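Visitor: Handing you a structure now.
Number of protein chains: 2
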Amino acid sequence: MYKVKVYVTLKEGVLDPQGKAIQQSLSSLSYQEVEEVRVGKYIELFVEPHEQLEERINKMCDELLANPVIEEYQYEIEEAVR
Amino acid sequence: MYKVKVYVTLKEGVLDPQGKAIQQSLSSLSYQEVEEVRVGKYIELFVEPHEQLEERINKMCDELLANPVIEEYQYEIEEAVR
């Protein structure tokens, strides 16, 4: 079994209103040192061993997990004991 | 300037209907090797240097970024050149 950690983030230049809202909330809570906030998704997949694992992870990200128009993704694969 | 990468995940045992929906969608797209999906948040904070940085990050997570009742968080701090 593998655990795949997928990080989906907005591409640079894409506006992030959710991040802006969090930054403003932090500022009003007296955390003025936070200059910018960007919000993304963190997705854990527990995957049975499969040939072409990386290729299939890439396809899952392109087809379902990320929106390639405005988002980019990275992932790490590690062995999982369950 | 520091870049803080915050990972917010549901605690073990907390139901994750969004993850379940993704797992079922992946399965119907022929990715049956994915047994379980857990969805969390990935938040990047760009922070000015501050005394007690870690202590303040912990407080931000407890007060705003995560819901301590059902979520847990981890973070990494790295130097950011902007």
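Going line by line, the protein sequences match chains A and B.
Just so you know, we're using my numbering here: the first sequence kicks off at 0 and counts up by one.
Just so you know, we're using my numbering here: the second sequence kicks off at 0 and counts up by one.
Cβ atoms here follow ideal geometry from the backbone N, Cα and C, with glycine treated the same way.
These numbers were taken from a predicted model, which means no experiment stands behind them.
Within 10 angstroms of the Cβ of A/Glu-34, are there 16 or more other Cβ atoms? Answer buried if so, exposed if not.
Guide: Exposed, since its Cβ has fewer than 16 Cβ neighbours within 10 Å.
Visitor: Using CA coordinates, which residue listed in A/Val-5, A/Gly-18 and A/Glu-43 is at the minimum distance from A/Gln-73?
Guide: Minimum Cα distance to A/Gln-73 is reached at A/Val-5.
Visitor: Could you check which residue in B/Glu-62, B/Ile-21, B/Ile-42 and B/Ser-29 has the C-alpha nearest to that of B/Ile-76?
Guide: With distances taken between Cα atoms, B/Ile-76 lies closest to B/Ile-42.
Visitor: Spell out the partners DSSP gives B/Val-13 in its beta bridges.
Guide: DSSP output for B/Val-13 lists no bridge partner at all.
Visitor: Starting from B/Ile-76, trace the beta strand (DSSP E) both ways and give me its first and last residue.
Guide: Note, B/Ile-76: beta strand (DSSP E), 70 to 78.
Visitor: Can you name the start and end residues of the beta strand (DSSP E) that A/Leu-44 belongs to?
Guide: That run of the beta strand (DSSP E) goes 33 to 46.
Visitor: Beta-carbon separation of B/Val-46 and A/Glu-32 under 8 Å?
Guide: Cβ atoms of B/Val-46 and A/Glu-32: closer than 8 Å.
Visitor: At 8 Å on the CB atoms, spell out the chain A contacts of B/Tyr-41, in chain order.
Guide: Result: Tyr-6, Val-7, Thr-8, Val-38, Gly-39, Lys-40 and Tyr-41.
Visitor: Give a yes or no on whether the minimum CB-CB distance between B/Ser-27 and chain A is below 8 Å.
Guide: It does not; no Cβ of chain A falls within 8 Å.
Visitor: Are the beta-carbon atoms belonging to A/Val-38 and A/Gly-18 less than 8 Å from one another?
Guide: Yes.
Visitor: By the criterion of Cβ-Cβ separation under 7 Å, what are the contact partners of B/Tyr-30 in chain A?
Guide: In chain order: Arg-55 and Met-59.
Visitor: 8 Å is my cut-off, CB to CB: does B/Glu-75 come that close to chain C?
Guide: Annotation note: the requested chain C is absent from the structure, which comprises protein chains A and B.
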